[in-house]
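Have a look at the structure below, then the notes.
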Amino acid sequence: LKILYPAVDEEDTPLPRAWSTKDKFNYIGLSQNNLRVHYKGHGKTHKDASSVRATHPIPSSCGLYYFEVKIVSKGRDGYMGVGLCAQDVNMNRLPGWDKHSYGYHGDDGHSFCSSGTGQAYGPTFTTGDVIGCGLNLIDGSCFYTKNGHHLGVAFQDLPPNLYPTVGLQTPGEVIDAN
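In the working numbering, the protein residues as written are 25 to 202.
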């Protein structure tokens, strides 16, 4: 990691390397060294959504930060989101639905920028897909990839100190961080 992020001093600003056991909503379960996320709620309405944040925010000294998740199972409905959020965002919603939260959702391929209303962005994603999320800390933009294909810029003018985050909403949904 020192080669990828030479300007990051991990004693002062550690890189996010796992999902937080404390910074998650009740319906999120963690396993495999806190790299696997699974949904354990009822999944009846949007009120059953749950998210988890990484252990640390993305250090601004990274310049460009990128993480990937593999969709192990889309579960019943595939209502999953991958994205970024600030520390004060509630974890009982999918990424992108609330202020200072940004997400790309698997069921419809829409991007959500601090709003419950999404914008057409990319393709849907499902079991077996690998979704990447990149944050350009120089210009404040965020992009996504699906199975290695760049999908273009999803968000611009993002604030600093964002955390990688994923959200799930229906039974059987499982995501692994790469």
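For each residue, glycine too, the CB sits at the ideal point set by N, CA and C.
Apart from sequence neighbours up to five positions away, the residues of its chain that approach V113 with a beta-carbon distance below 7 angstroms are D122, H124, S125, ordered along the chain.
Taking C-beta separations shorter than 6 angstroms and ignoring five residues to either side along the sequence, Q56 has no partners in its chain. In the DSSP assignment, no residue is bridged to Y51. The residues N116, R117, L118, G191, Q193, in chain order, have a CB closer than 7 angstroms to that of A73 in the same chain once the five nearest residues on each side in sequence are set aside. Short of 6 angstroms from the beta carbon of Y103, and not among the five residues preceding or following it, lie these beta carbons of its own chain, in chain order: D131, Q193, T194. At least 8 angstroms separates the beta-carbon of V93 from that of D47. In the three-state reduction of the DSSP assignment, H129 falls in the strand class, which pools E and B. For S135, the enclosing beta strand (DSSP E) has its first and last residue at 134 to 137.
Within the DSSP bridge table, the entry for E197 names K98 as partners. Residue pairing by DSSP places C157 opposite F91, Y168 in a beta bridge.
According to the DSSP assignment, H174 belongs to the beta strand (DSSP E) that extends over 173 to 179.
For A78, the enclosing beta strand (DSSP E) has its first and last residue at 74 to 78.
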